[in-house]
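Numbering (my numbering), first residue to last: 38 to 159.
So the structure is just underneath, and the comments pick up after that.
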């Protein structure tokens with residue numbers, strides 16, 4: 038639907054048809070399928086930690102940070118803590134700078150597009 042060199046927003050993700058965005062090689066999917074033949078109002082609100090989705094003015098889902106895994110060079114060595122991975126956890130912030138460089142690759146109509154750097158009301 039929308040894309041830039043940094044991200045792509047999918048009306049239907051290539052994985053399973055859900056509303057999604059891809060950034061840094063990670064596909065972030067909302068648990069929402071945009072209904073065919075019905076007008077809906079989608080609102081994305083981004084913070085420095087998550088991306089929120091509102092559908093027709095109602096909160097639908099938040100994509101919060103993910104713990105991607107961890108590795109430790111001293112895991113299993115004598116003196117390691119009870120959780121040898123605690124210090125090396127990696128968090129992925131599922132944030133989105135909305136990509137507006139290109140549009141396309143969808144069949145449908147966008148009737149009212151508004152983009153701002155602040156959230157008014159949902």
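We put the CB at the ideal spot given by N, CA and C, even for glycine.
Predicted, not measured: the structure shown is a model, and the values here were computed from it.
Output needed for residue 77: all residues of its chain with C-beta closer than 8 Å, excluding positions within five of it in sequence on either side, in chain order.
Answer for residue 77: 71, 92, 93, listed in chain order.
Looking only at DSSP bridge pairs, what is residue 138 linked to?
DSSP, once it has assigned bridges, lists no residue as partnering residue 138.
Tell me, to the nearest whole angstrom, how far the beta carbon of residue 41 is from that of residue 139; I am working on the premise that it is less than 8 Å.
Contact flag correct, Cβ pair sits at about 7 Å.
How is residue 98 classed by DSSP in three states: helix, strand or coil?
Here residue 98 sits in strand by DSSP.
Determine, using beta carbons only, whether residue 131 and residue 88 come nearer to each other than 7 Å.
The answer is yes: Cβ separation under 7 Å.
How would you write the range of the beta strand (DSSP E) that residue 126 sits in, first residue to last?
Looking at the DSSP string, the run of the beta strand (DSSP E) that includes residue 126 is 126–129.
Taking buried to mean at least 16 other C-beta atoms within 10 Å of its own C-beta, is residue 47 buried or exposed?
By the neighbour-count rule (16 or more Cβ atoms within 10 Å), residue 47 is buried.
How big is the Cα-Cα spacing for residue 56 and residue 100?
For residue 56 and residue 100, the distance between alpha carbons rounds to 12 Å.
Along the beta strand (DSSP E) that carries residue 65, what are the first and last residues, could you check?
63–66 is the span of the beta strand (DSSP E), which, as asked, contains residue 65.
Which residue wins for smallest C-alpha separation from residue 67, given the options 74, 75, 54?
For residue 67, the nearest C-alpha among the options comes from 54.
Work out the CA separation of residue 141 and residue 90 for me, nearest whole Å.
In a straight line, the C-alpha of residue 90 is about 21 Å away from that of residue 141.
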